[in-house]
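*Asks:*
Protein chains in written order, with our numbering: chain A, 455 to 611; chain B, 455 to 611; chain C, 455 to 611.
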């Protein structure tokens with residue numbers, strides 16, 4: 455199974471379709487390529503018109519729900535890469551993932567939230583999904599989202 | 455009108471002069487170039503010695519004021535690029551913009567704040583101003599600033 | 455004294471040993487190299503199994519303690535670079551440092567916290583330690599850490 459087939463499987467496992475246009479909104483673009491490096495805009499866990507996980511993690515949102523949100527963010531980034539590159543097999547390496555978790559004052563399991571995104575990247579991209587990561591706890595996120603994720607990847611020349 | 459003339463116009467429209475030295479403060483530099491990629495340090499909306507918009511957006515700072523702050527941050531980044539490169543026409547593409555908004559607990563219009571910066575980048579740089587973007591809501595910012603913005607750009611070789 | 459000797463001296467001055475394996479935890483890696491650019495994952499001030507500075511800066515954590523935390527984060531990033539590259543003399547330039555400070559509502563000295571990291575990078579790497587920087591105040595950090603730092607560097611080809 456190649457990376458594109460694994461992406462389809464991962465979307466099915468999440469129970470969402472990402473076939474609709476991925477709206478990013480605002481006066482910018484979802485993805486910019488500079489030579490062999492691709493930057494992907496910050497993704498919230500939006501499916502179609504709905505942000506599927508909103509609220510403060512550790513308060514009205516559980517760790518499980520936050521991990522689900524992280525997976526949806528990572529899926530969106532992967533779908534954007536797939537559409538821009540034609541196939542995820544063009545991804546050589548994910549270089550940097552930043553995961554922003556909207557946190558309750560005492561919530562400290564940001565790494566555990568981000569792990570869900572990291573695991574999905576590995577599952578779909580295999581070794582090309584290995585990445586560096588920064589996860590932090592922010593106070594708010596666009597659309598009241600619980601998680602936001604952006605990434606930088608290198609692609610085949 | 456070239457990008458440099460558009461920058462002068464945008465500064466006049468904002469009602470500020472950015473002719474004084476742009477102080478960044480601290481033991482680092484405003485801009486580093488690595489081959490054709492330029493990194494610009496985080497910019498708060500400072501004009502001369504004054505941070506012109508301070509406080510928490512959605513609480514003591516309105517969306518309009520926050521958008522003004524975002525424009526000033528973007529202006530500073532553009533002025534730094536212009537001085538380092540000689541002309542903004544040397545900018546090939548803005549790759550990544552990160553916008554940090556000091557947010558009230560219920561404020562979720564981070565994208566709308568960041569849009570003001572994105573629009574200014576487009577207005578001045580035209581197609582080279584197209585970029586990926588991440589906007590998040592943080593708890594505090596240096597000097598009590600309401601917005602901070604950093605960016606990465608590619609330049610002509 | 456070369457950069458590696460200066461790193462050893464800086465570790466001794468901090469009173470910590472970084473000889474043990476630097477655990478990053480989770481499903482990702484501490485460092486990824488893409489051609490001549492190296493990305494280092496977000497580092498909290500962990501020494502061995504202990505995060506040595508935890509809590510909210512400006513509240514239960516002083517500026518001095520936060521600066522200590524920032525130095526430990528920077529040390530960890532340098533040790534990771536040294537191990538991956540064989541020697542810190544391979545670092546050509548630190549390109550971007552992002553410093554996340556877990557802040558009290560009224561704490562605004564994020565730049566002063568980040569200065570401690572910047573000074574350490576300069577002290578160890580000399581001119582190669584010059585960098586762009588973004589410092590922000592976040593609401594929480596992994597493991598209740600007071601500071602987190604990540605960086606991007608260019609290395610000799």
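Every residue gets a Cβ at the ideal spot worked out from N, C-alpha and C, and that includes glycine. Computed from a predicted model, the values in this text were never measured in an experiment.
Are the C-beta atoms of residue 509 of chain C and some chain A residue less than 8 Å apart?
*Replies:* Position 55 of the third chain, counted from the first residue, corresponds to residue 509 of chain C. Taking Cβ atoms only, chain A never reaches closer than 8 Å to residue 509 of chain C, which makes this a no.
*Asks:* So with Cβ pairs under 8 Å, would you call residue 513 of chain C a contact of chain A?
*Replies:* As a position in the third chain, residue 513 of chain C is number 59, starting the count at 1. So, not an interface residue.
*Asks:* Using CA coordinates, which residue listed in C:458, C:610, C:465 and C:504 is at the minimum distance from residue 547 of chain C?
*Replies:* Here residue 547 of chain C is taken as the residue at index 93 of the third chain, counted from 1. Distance check between residue 547 of chain C and each of C:458, C:610, C:465 and C:504 places C:610 closest, using alpha-carbon atoms only.
*Asks:* What span of residues does the beta strand (DSSP E) with residue 589 of chain B cover, start to end?
*Replies:* Within the second chain, the letter at position 135 stands for residue 589 of chain B. Residue range 586-592 is occupied by the beta strand (DSSP E) that includes residue 589 of chain B.
*Asks:* Just the C-alpha distance for residue 534 of chain B and residue 458 of chain B, rounded to the nearest angstrom, thanks.
*Replies:* Against the second chain, residue 534 of chain B aligns to sequence position 80. Against the second chain, residue 458 of chain B aligns to sequence position 4. Their Cα atoms are separated by approximately 12 Å.
*Asks:* Closer than 6 Å by C-beta to residue 626 of chain B: which residues in its own chain qualify, once you throw out the five before and the five after it? Chain order, please.
*Replies:* Residue 626 of chain B is absent from the model: chain B starts at 455 and stops at 611.
*Asks:* Let me know the secondary structure DSSP gives residue 540 of chain A once reduced to three states.
*Replies:* As a working note, residue 540 of chain A is residue 86 in the first chain. Looking at residue 540 of chain A - three-state DSSP - the assignment turns out to be coil, as it is neither helix nor strand.
*Asks:* Compile a chain-ordered list of the residues in the segment 492-504 of chain C whose CB is closer than 8 Å to at least one CB of chain A.
*Replies:* 493, 494, 495 and 496
*Asks:* Given a limit of 7 Å on CB to CB distance, which residues of the segment 523-555 of chain A reach chain C?
*Replies:* For the segment 523-555 of chain A, residues whose beta-carbon sits nearer than 7 Å to a beta-carbon of chain C comprise 547, 549 and 550.
*Asks:* Rounded to a whole number of angstroms, what is the C-alpha to C-alpha distance between residue 579 of chain B and residue 464 of chain B?
*Replies:* Position 125 of the second chain holds residue 579 of chain B. Position 10 of the second chain holds residue 464 of chain B. Roughly 11 Å between the two C-alpha positions.
*Asks:* Does residue 573 of chain C get closer than 8 Å to chain B when you measure Cβ to Cβ?
*Replies:* Along the third chain, one-based indexing puts residue 573 of chain C at 119. Taking Cβ atoms only, chain B reaches closer than 8 Å to residue 573 of chain C, which makes this a yes.
*Asks:* On a CA-only basis, which of B:581, B:469, B:591 and B:481 is nearest residue 545 of chain B? Give me that one, please.
*Replies:* The residue you call residue 545 of chain B lines up with position 91 of the second chain. Closest by alpha carbon: B:581.
*Asks:* Determine whether the Cβ of residue 469 of chain B lies closer than 8 Å to any Cβ atom of chain E.
*Replies:* Considering every chain present, this structure includes no chain E. Its protein chains are A, B and C.
*Asks:* Hey, quick one: how far does the alpha helix (DSSP H) through residue 462 of chain A stretch, first residue to last?
*Replies:* Along the first chain, read from residue 1 onward, the residue named residue 462 of chain A stands at position 8. Unbroken alpha helix (DSSP H) run through residue 462 of chain A: 457-468.
*Asks:* Mapping the DSSP letters down to three states, classify residue 496 of chain A as helix, strand or coil.
*Replies:* By one-based count along the first chain, residue 496 of chain A stands at place 42. Here residue 496 of chain A carries a strand assignment [DSSP, helix/strand/coil].
*Asks:* Taking the DSSP output, what are the residues bridged to residue 581 of chain A?
*Replies:* Start at 1 with the first residue of the first chain, and residue 581 of chain A comes out as number 127. Looking at the DSSP assignment, residue 581 of chain A forms no beta bridge with any residue, so it has no partner.
*Asks:* How big is the Cα-Cα spacing for residue 598 of chain A and residue 554 of chain B?
*Replies:* By one-based count along the first chain, residue 598 of chain A stands at place 144. By one-based count along the second chain, residue 554 of chain B stands at place 100. Looking at the two C-alpha atoms, the distance is approximately 15 Å.
*Asks:* For chain A, check one thing: does any of its Cβ atoms lie closer than 8 Å to the Cβ of residue 592 of chain B?
*Replies:* Walking along the second chain from the start, residue 592 of chain B turns up at place 138. Judged by the 8 Å Cβ criterion, residue 592 of chain B is in contact with chain A.
*Asks:* How about residue 496 of chain C and residue 474 of chain C: are their beta carbons less than 8 Å apart?
*Replies:* Mapped onto the third chain, residue 496 of chain C falls at position 42. Mapped onto the third chain, residue 474 of chain C falls at position 20. No. Outside cutoff.
*Asks:* What number of angstroms, rounded off, separates the C-alpha of residue 509 of chain A from the C-alpha of residue 523 of chain A?
*Replies:* Looking up residue 509 of chain A in the first chain gives position 55. Looking up residue 523 of chain A in the first chain gives position 69. Between the C-alpha atoms of residue 509 of chain A and residue 523 of chain A there is a straight-line separation of about 11 Å.
*Asks:* Does chain C have any CB closer than 8 Å to the CB of residue 483 of chain B?
*Replies:* Position 29 of the second chain holds residue 483 of chain B. True, the Cβ-Cβ gap to chain C drops below 8 Å.
*Asks:* With DSSP collapsed to three states, give me the class of residue 595 of chain B.
*Replies:* Sequence index remark: in the second chain, residue 595 of chain B carries index 141 (1-based). In this structure, residue 595 of chain B counts as coil in the three-state DSSP scheme.
*Asks:* Using a Cβ-Cβ distance cut-off of 8 Å, determine whether residue 584 of chain B contacts chain A.
*Replies:* Here residue 584 of chain B refers to the residue found at position 130 of the second chain. Yes - at least one Cβ of chain A is within 8 Å of the one on residue 584 of chain B.
*Asks:* According to the neighbour-count rule (16 or more other Cβ atoms, all chains shown, within 10 Å of its Cβ), is residue 455 of chain B buried or exposed?
*Replies:* Residue 455 of chain B sits at position 1 when you count from the first residue of the second chain. Residue burial annotation: residue 455 of chain B is exposed, with fewer than 16 other C-beta atoms found within 10 angstroms of its C-beta.
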